[in-house]
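Enquirer: Quick note on our numbering: the sequence shown kicks off at 393 and runs consecutively.
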Amino acid sequence: MAGQEMAAIVVEGGKGPAEALKPARVPVPAPGDGQILIAVKAAGVNRPDIVQRLGFYPPPPGAPSTLGLEVAGTVVEGAGRWRAGDRVCALLGGGGYAEYAVCDARHALPIPGDLDFIQAASLPETVFTVYANVFEHGALKAGETLMVHGATSGIGVAAIQMAKAAGARVIATARGRDKADEAIRLGADIAVDASTEDFEAVAKANGGADVILDMVAGPYFPKNLEALNTGGRLVHIAALGGGTVELPIVKIMLKRLVITGSTLRPRLADEKARLAGEVEQVVWPWIASGKVRPVVDKVFPLAQAAAAHAYLEGGAHVGKVVLAV
């Protein structure tokens, strides 16, 4: 397909508000050694895309400068285990908001169960993030309690279901009673309306948390430490409430707490490949059996990526926002 063009979304001016996202014609990417070319049918929209659009999350070296961290579609040019025509979903370094995308063949997975492309596109970035942070860094085990902040976000929805599939109890927090009730419908054992209730008090009254998945930080940090049980693990994946906190060393020592966190996109290709293997072995059977299901809130056509970003930024969604290509 060398020399051909495709539809894609670019950020006019390099950065800006949602309205800066514009349809464009760009060259079809050429896969390198060990890469596959995917005809994209759907692309997930994620908060890191918004951060990149605003100019604060540059792509790692070698990754496309355009947005889009996860896609689902069919293989056009194969490599590794993949052949032309295979249905896959894939984790990308960028470039998913387009008709074609390339990725390391090891970062693609077969679409699980009977999912369609829209559902499958909502999985890679979210599921890889939850698995790495909750189950690897957070070491959540059956019988323990996970507290999830932002429970109706794409990450939160996946974390609730994956923790329950693993045999853990879940305390979910969300802003608004409707969202808290939605968390219960998704499987949470206890849901806290963080706009009117004190999640620290609720956690303590219900046996505390062993692992907390947090994307807020800032004012949540001291309350998270109080909500954790002795030996608890606090895992950060974002800092929407502020990234600088005061660290009470003695409390951490007395409660033997672990404070950690990670990002997914900058990881080395070999590490992402290892993580993909773990996800396929552990999480894909949960999806195939129905224990974990994709929750897609709204679908926008590719050309309406600006509207999709504006909708995600508005915060009314429950689950994922996806672009149909």
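All residues carry an ideal CB built from backbone N, CA and C; glycine is no exception. Given the structure is predicted, the values throughout are model-derived calculations rather than measurements.
(1) If you draw a straight line from the C-alpha of Val608 to the C-alpha of Gly460, how long is it?
(2) Following the continuous alpha helix (DSSP H) through Phe692, name the residue where it begins and the one where it ends.
(3) State the Cα-Cα distance for the pair His529 and Met645, rounded to the nearest angstrom.
(4) Identify whether Lys556 lies in helix, strand or coil by the three-state DSSP scheme.
(5) Which of the three DSSP states, helix, strand or coil, is assigned to Gly465?
(6) Of the residues Leu578, Ala700 and Ala558, which one's Cα is nearest the Cα of Thr565?
(7) Under 8 Å Cβ to Cβ from Gly485, same chain only, skipping five residues before and after it: list those, please.
(8) Along the chain, where does the beta strand (DSSP E) that runs through Met398 open and close?
(9) Is the distance from the Cβ of Asn525 to the Cβ of Ile629 below 8 Å?
(10) Would you kindly report the start and end of the unbroken beta strand (DSSP E) that includes Val671?
(11) For a quick check, are the C-beta atoms of Val650 and Phe613 less than 8 Å apart?
(12) Quick one, which of Ala512, Glu491, Glu705 and Val684 has its alpha-carbon nearest Pro421's?
(13) Report the residue ranges of all alpha helix (DSSP H) runs contained in full by the region 428-468; include only those spanning at least 4 residues, in chain order.
(14) To the nearest angstrom, report how far apart Ala482 and Phe509 are at their CA atoms.
(15) Distance check for Asn438 and Val467, CA to CA, integer angstroms please.
Expert: Taking the definition as stated:
(1) One-based indexing of the sequence shown puts residue 608 at position 216. One-based indexing of the sequence shown puts residue 460 at position 68. Roughly 23 Å between the two C-alpha positions.
(2) Locating residue 692 in the sequence shown gives position 300, counting from the first residue. Careful: Phe692 lies outside any alpha helix (DSSP H), inside the beta strand (DSSP E) at Val688 to Pro693.
(3) Mapped onto the sequence shown, residue 529 falls at position 137. Mapped onto the sequence shown, residue 645 falls at position 253. Each residue's Cα considered, the two are about 19 Å apart.
(4) What you label residue 556 is simply residue 164 of the sequence shown in a count that begins at 1. DSSP places Lys556 in helix when its eight states are reduced to three.
(5) Stepping through the sequence shown from its first residue, residue 465 is reached at position 73. If DSSP states are grouped into helix, strand and coil, Gly465 belongs with the strands.
(6) Here residue 565 is taken as the residue at index 173 of the sequence shown, counted from 1. Out of Leu578, Ala700 and Ala558, Leu578 has the C-alpha closest to the C-alpha of Thr565.
(7) As a working mapping, residue 485 is identified with position 93 in the sequence shown. Excluding positions up to five away in sequence, the list reads Pro451, Pro452, Gly454, Ala455, Pro456, Leu461, Cys495 and Arg657.
(8) For the purposes of this step, residue 398 is taken as the residue at position 6 of the sequence shown. Glu397 to Val403 is the extent of the beta strand (DSSP E) around Met398.
(9) Working through the sequence shown from its first residue, we reach residue 525 at position 133. Working through the sequence shown from its first residue, we reach residue 629 at position 237. Yes, the pair counts as a contact, with Cβ atoms nearer than the cut-off.
(10) The sequence position of residue 671 within the sequence shown is 279, counting from 1. That residue, Val671, is in no beta strand (DSSP E); its alpha helix (DSSP H) goes Ala661 to Ser681.
(11) Reading the sequence shown from its first residue, position 258 is the one you call residue 650. Reading the sequence shown from its first residue, position 221 is the one you call residue 613. Cβ atoms of Val650 and Phe613: not closer than 8 Å.
(12) Stepping through the sequence shown from its first residue, residue 421 is reached at position 29. Minimum Cα distance to Pro421 is reached at Glu491.
(13) 439-445
(14) Sequence index remark: in the sequence shown, residue 482 carries index 90 (1-based). Sequence index remark: in the sequence shown, residue 509 carries index 117 (1-based). Approximately 11 Å, taken between the alpha carbons.
(15) Taking the first residue of the sequence shown as 1, we reach residue 467 at position 75. Taking the first residue of the sequence shown as 1, we reach residue 438 at position 46. Taking the straight line from one Cα to the other gives about 23 Å.
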